[in-house]
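**Student:** In our numbering, the protein residues as written are 256 to 560.
Starting off with a structure, shown below.
Quick look at the structure:
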């Protein structure tokens, strides 16, 4: 594909909009963000709530596109936020979302500071020892490439000898380093791995054609394709698939049953699918809430903005 000056200019303009959107304001841990919900429950409400008539939810709210502060409205938004609000509506509860460090969510849940936690959290064997999970999303990793995929990138093996951008310190960076061992074994040039501390800078490099691809969580890949379909597309499929879940205390059977029942109604009436399509997270949709996917043993998120 020819890339003349006009095309580069178009990319630059797209990047300005992209970066404006990605300049997220970090919220202090512990901030409570209140929302409202319907007052007529359709599912039995658990009696042992942290706050009466309120679903208190722990979340790390700096992980676009699943939970983050919109830089324009300064309101909490994201796929996970839409989902938990809809679940609360089925229970007839208001919602208090408490921002917390990701690493503390399960401990604080066990201490009954939250009724549940949702935060793009992979369901790992270790975490299942500490909490029960309602699976609601299929996570993983994937490649983002320029529109029309001029370098024909469809998997990690295609990256040998290419420049690829990735967030510094992420699992994806580790995977690219591991892929270089295979490149070397196959007698191919190594991947030129370019790291940036901010995910927005990673995407900027692709938009400016300084790299042939970026590698990140599949939800982020899908989201940027949805937002900038004229600039980007997905390169290949999802790698290292894993289930993400809503965490509930082990002993809180009533809460688990209520959240699970509410989520099932959202799946059966199409609400869940409409949320998936709104955010463009098509690779993460699960048609069967009880589906099983092999666990990677990872904790997400790894790509703070």
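Glycine is no exception: its CB is placed at the ideal position from the N, C-alpha and C atoms.
1) Is there contact between the region 467–480 and the region 350–359, where contact requires at least three CB pairs shorter than 8 Å?
2) At the level of alpha carbons, what is the spacing between residue 414 and residue 455?
3) What is the DSSP secondary structure of residue 424, reduced to helix, strand or coil?
4) Confirm, please, whether the CB-CB distance from residue 338 to residue 399 is below 8 Å.
5) Between 508, 503, 511, 480, which lies nearest to residue 362 when the distance is taken from Cα to Cα?
6) How many Å lie between residue 330 and residue 416 at the Cα?
7) Please work out which residues of its chain come closer than 7 Å, Cβ to Cβ, to residue 530, disregarding the five sequence neighbours upstream and downstream, and give them in chain order.
8) Is it true that the CB of residue 390 sits closer than 8 Å to the CB of residue 498?
9) Just the Cα atoms here: how many angstroms apart are residue 281 and residue 357?
10) Am I right that residue 304 and residue 370 are in contact with their C-beta atoms under 8 Å? What's the rounded C-beta distance?
11) Of all the alpha helix (DSSP H) runs that stay within the bounds of the region 436–493, which reach a length of 4 or more residues?
12) How about residue 496 and residue 408: do their beta carbons lie closer than 8 Å?
13) Closest to residue 517 by CA distance: which of 306, 346, 316, 375 is it?
14) Please go through the same chain and pick out, in chain order, the residues whose beta-carbon is closer than 7 Å to the beta-carbon of residue 443, but skip the five residues on each side of it.
15) So who's on the other strand from residue 306, going by DSSP bridges?
16) Which term fits residue 483, buried or exposed, when burial requires 16 or more other beta carbons within 10 angstroms of its beta carbon?
17) When you compare each of 376, 396, 395 to residue 387 by their alpha carbons, which one comes out closest?
18) According to the neighbour-count rule (16 or more other Cβ atoms, all chains shown, within 10 Å of its Cβ), is residue 542 buried or exposed?
19) For my contact list, residue 432 and residue 470 are in at a C-beta cut-off of 8 Å; report their separation, rounded to the angstrom.
20) Residue 518 lies in the alpha helix (DSSP H); which residues open and close that run?
21) How would you label residue 457, buried or exposed, when you count the other beta carbons within 10 angstroms and need 16 or more for buried?
22) Closest to residue 418 by C-alpha separation, out of 385, 466, 373, 479, would be which residue?
23) Would you mind reading off the limits of the beta strand (DSSP E) that contains residue 392?
24) Should residue 436 be labelled buried (16 or more other beta-carbon atoms within 10 Å of its own) or exposed?
25) Would a C-beta distance cut-off of 8 Å place residue 312 and residue 348 closer than the cut-off?
26) Entirely within the region 336–372 and at least 3 residues each: give me those beta strand (DSSP E) ranges in chain order.
27) Around the C-beta of residue 393, are 16 or more other C-beta atoms found within 10 angstroms, so that it is buried, or is it exposed?
28) For residue 315, name the three-state secondary structure that DSSP assigns.
29) What is the DSSP secondary structure of residue 497, counted as helix, strand or coil?
30) With DSSP as the reference, please indicate the residues paired to residue 502 in a beta bridge.
**Tutor:** Put simply:
1) no
2) 21 Å
3) coil
4) no
5) 503
6) 42 Å
7) 334, 337, 338
8) yes
9) Because residue 281 sits at a pLDDT of 39, beneath the cut-off of 50, its placement in the model cannot be relied upon, and the following sentence gives the value as read from the coordinates. Residue 281 and residue 357: Cα-Cα distance of roughly 14 Å.
10) 6 Å
11) 454–462, 473–482
12) no
13) 346
14) 415, 416
15) 309
16) buried
17) 376
18) exposed
19) About 11 Å separates the two Cβ atoms, so there is no contact after all.
20) 508–523
21) buried
22) 466
23) 386–401
24) exposed
25) no
26) 349–354
27) buried
28) coil
29) strand
30) 372, 388
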